[in-house]
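Remember, the working numbering sits 348 above the position in the sequence shown when you count from 1. Every residue gets a Cβ at the ideal spot worked out from N, C-alpha and C, and that includes glycine. The structure displayed is predicted, hence computed values, not measured ones. Below is one structure, written out as structure tokens; the observations come after it.
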Amino acid sequence: MHKYTLVDAFSRAPLEGNPVAVFFKCSDLSTDTMQLIAREMNLSETTFVLPAEGEADARIRIFTPVNELPFAGHPMLGTAIALSEALEKDDLRVETQMGVVPSRLTYADGSRFVLMRHPIPTWEPYEYAAEVCVALGVEASAIPVDIYHNGPRHVFVGLDSVAALSHLDPDHRALAAFEDVAINCFAGEGDEWRTRMFSPAYGVVEDAATGSAAGPLAIHLARHGLARFGQEIRIVQGVEVGRPSPMWAAAYGNAQSLEEVHVGGYGVVAGRGELHA
């Protein structure tokens, strides 16, 4: 039997945001069993908490229903919420395959806000930009299409308006041909942005909140002159799937020398359970 906490990440209320199941005391679970449990939970991600190997509070492994990820954003936030309760700590260091991710929890109006320092991504132009646009049903991206790697691989396609973003009707079968990538579409201006993420390759038709893409989006906008390095942007995702999920992100430094990438959001415990497996 293994206990888990269900956390709605990037939300101040249950049944919004992006849910993640956080399993505790998982040292006895094999990789295959973790994958089967993630498939059973059928959420975009499930995390498994293990003893830390270095100077950290815990180590986690992150699984989608079809594969393991070295890092992901909303599972990190949800795990921080669950770990903070379990350890009675507000400052956490959690080991991932992409390194240690520090998190700080604060409280406002009865809600818990998590500020995380995410891995600094690498990036390059995406060689299949034209093909992705065809699969999405858009003529072209508003700015160059680049791919960022911070564990997951995120491709960014810009649309001219939030209305165009909301009306996107992508060919999901065509998108499934792009292996090991998440396709992020965005629109907005200034501090306010809207996104949608499609990733059949990761077993997700459309994600409610993609925290690992928030930092790369802040970098992408700054690199192409739509925001500034050091500017905090607010990103809302999940509107079209009925789970609005606000996120905050900022990238510090410059395109030649990034210093830190910060991503934050609220989270709430939505439930608890036991898995008899």
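- Secondary structure at R409: strand, using DSSP grouped into helix, strand and coil.
- When DSSP assignments are scanned along the segment 511 to 592, the uninterrupted stretches of alpha helix (DSSP H) that are 4 or more residues long and fall wholly within it turn out to be 520 to 523 and 559 to 571.
- Residue environment: R501 is assigned as buried (16 or more neighbouring CB atoms within 10 Å of its CB, all protein chains considered).
- For D376, the three-state secondary structure derived from DSSP is coil.
- In the displayed model, I491 falls within coil according to three-state DSSP, outside both helix and strand.
- When only Cα atoms are considered, A599 and T470 end up about 13 Å apart.
- The beta carbons of G551 and V414 sit about 4 Å from each other, so the pair counts as a contact at 8 Å.
- When rounded, the separation of the alpha-carbon atoms in G621 and L377 is 17 Å.
- Among the bridge pairs identified by DSSP, R620 is matched with T353.
- S547 is a Cβ neighbour of L523, given a cutoff of 9 Å.
- Around the beta carbon of Q604, fewer than 16 other beta carbons sit within 10 angstroms, so the residue counts as exposed.
- Shortest Cα-Cα distance from T381 to any of V589, A404, F411 and H610 involves F411.
- E416 is bridged by DSSP to F411.
- Rounded to the nearest whole angstrom, the CA to CA distance from H515 to V584 is 16 Å.
- In this structure, F504 sits near H568, with a CB-CB distance shorter than 9 Å.
- In the three-state reduction of the DSSP assignment, R387 falls in the helix class.
- Here M349 is exposed, its C-beta having fewer than 16 other C-beta atoms within 10 Å.
- Secondary structure of L435 (DSSP, three-state): helix.
- Between the segment 568 to 579 and the segment 435 to 443 there are fewer than three inter-stretch CB-CB distances shorter than 8 Å, so the stretches are not counted as touching.
- Between the C-alpha atoms of P492 and F396 there is a straight-line separation of about 37 Å.
- From the listed residues I408, R409, C374 and A428, the smallest Cα separation to V355 is found for A428.
- Beta bridge pairing from DSSP links S459 with A456.
- In this structure, T379 lies away from P423, with their beta-carbon atoms at least 9 Å apart.
- Residues of the same chain with a CB within less than 8 Å of the CB of C481, apart from the 5 flanking positions on each side, are E487, A488, S489, V493 and V505 in chain order.
- Less than 9 Å separates the beta-carbon of T353 from that of E433.
- Under DSSP, V486 shares a beta bridge with no residue.
- Between the alpha carbons of P473 and G458 lies a gap of roughly 43 Å.
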